[in-house]
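In this text, residue positions in the sequence shown follow our numbering: the first is 11, and each later residue adds one. This report refers to the structure that appears directly beneath it.
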Amino acid sequence: MATFEWNSSMNTGIAVIDKQHAELTQIINTLYYAYMNGEEDSVLSTLIHKVNDYAHMHFATEVDLMSAYRDELPDYESHMEQHREFFSNAIGFLLDYLNNKADITPELLDYLTDWWFNHINGIDRKMAEFLINKGAA
Ligand SMILES: [Fe+2]
Ligand SMILES: [Fe+2]
């Protein structure tokens, strides 16, 4: 999918997570439209750094929330693996573009959006249900 608009049906119930999900969705959409509109490299570069920095910050927030429960959370390891995949498969290629090693393609941006949509509506939701049930969030 090219883009999606974040809406409250995507809420996990943990306010800090939901706020960050909404913001990263918006940054990813801005990158997508900038690319489709043929914006110059400096604009794309700024947005790619923003996606990278925000994703690092957001994943760190989730790891913090999960840290006390990592032995109990059934999906902890696969959740970490999904975050690593996001950096190697999506953000890694965007950073390669900045180093003139790869092109941005619509397929890459579709992959980025699909991954993000499926992640926040899949394993992040399960994580939030677990933490809310534990009274941890
Ligand atoms: Fe998340
Ligand atoms: Fe996550």
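Think of the CB as a built atom: it goes at the ideal place given N, C-alpha and C, for glycine as much as any other residue. Please read all numbers here as calculations on a predicted model, not as lab measurements.
- Query: What do you get for residue 56, buried or exposed, if any count of 16 or more other CB atoms within 10 angstroms of its CB means buried?
  - Reply: Position 46 of the sequence shown, counted from the start, is the residue given in the question as residue 56. Within a 10 Å sphere around the beta-carbon of residue 56 sit fewer than 16 other beta-carbons, which makes this residue exposed.
- Task: Under 7 Å from any heavy atom of ligand 2, by CB: list those residues in chain order, please.
- Result: Screening all residues for a C-beta within a distance smaller than 7 Å of any heavy atom in ligand 2 leaves 69, 72, 89, 92, 93, 129, 133, 134 and 137, in chain order.
- Task: With a 10 Å radius around its C-beta and 16 neighbouring C-beta atoms as the bar for buried, classify residue 137 as buried or exposed.
- Result: Mapped onto the sequence shown, residue 137 falls at position 127. Residue 137 is classed as buried because its beta carbon has at least 16 other beta carbons within 10 Å across all chains shown.
- Item | Alpha-carbon to alpha-carbon, residue 35 and residue 126 | Your numbering for residue 126 matches position 116 in the sequence shown. Your numbering for residue 35 matches position 25 in the sequence shown. Rounded to whole angstroms, the separation of the alpha carbons of residue 35 and residue 126 is 8 Å.
- Close beta carbons around residue 80, own chain, < 8 Å, minus the five adjacent residues each side: If you number the sequence shown from 1, residue 80 lands on position 70. Taken in chain order, the residues that qualify are 86.
- Item | Delimiting residues of the alpha helix (DSSP H) encompassing residue 79 | Taking the sequence shown and counting its residues from 1, the one referred to as residue 79 is at position 69. It is not in any alpha helix (DSSP H) - residue 79 carries neither H nor E in the DSSP assignment.
- Item | Cβ pair residue 13, residue 123 closer than 9 Å | Counted from its first residue, the sequence shown places residue 13 at position 3. Counted from its first residue, the sequence shown places residue 123 at position 113. Going by C-beta atoms, residue 13 is nearer than 9 Å to residue 123.
- Message: Can you look up residue 48 in the DSSP assignment and give me helix, strand or coil?
- Response: Counted from its first residue, the sequence shown places residue 48 at position 38. Residue state, collapsed to three classes: coil.
- Secondary structure at residue 139, three-state DSSP: helix, strand or coil? To locate residue 139, count along the sequence shown from 1; it is residue 129. Here DSSP, grouped into helix, strand and coil, assigns residue 139 to helix.
- Query: Excluding sequence positions up to five away, which residues of its chain have a Cβ less than 6 Å from the Cβ of residue 24?
  - Reply: For the purposes of this step, residue 24 is identified with residue 14 of the sequence shown, where counting begins at 1. The residues are 138 and 147.
- Does DSSP put residue 21 in a helix, a strand or coil? The residue labelled residue 21 in the question sits at position 11 within the sequence shown. Looking at residue 21 - three-state DSSP - the assignment turns out to be coil, as it is neither helix nor strand.
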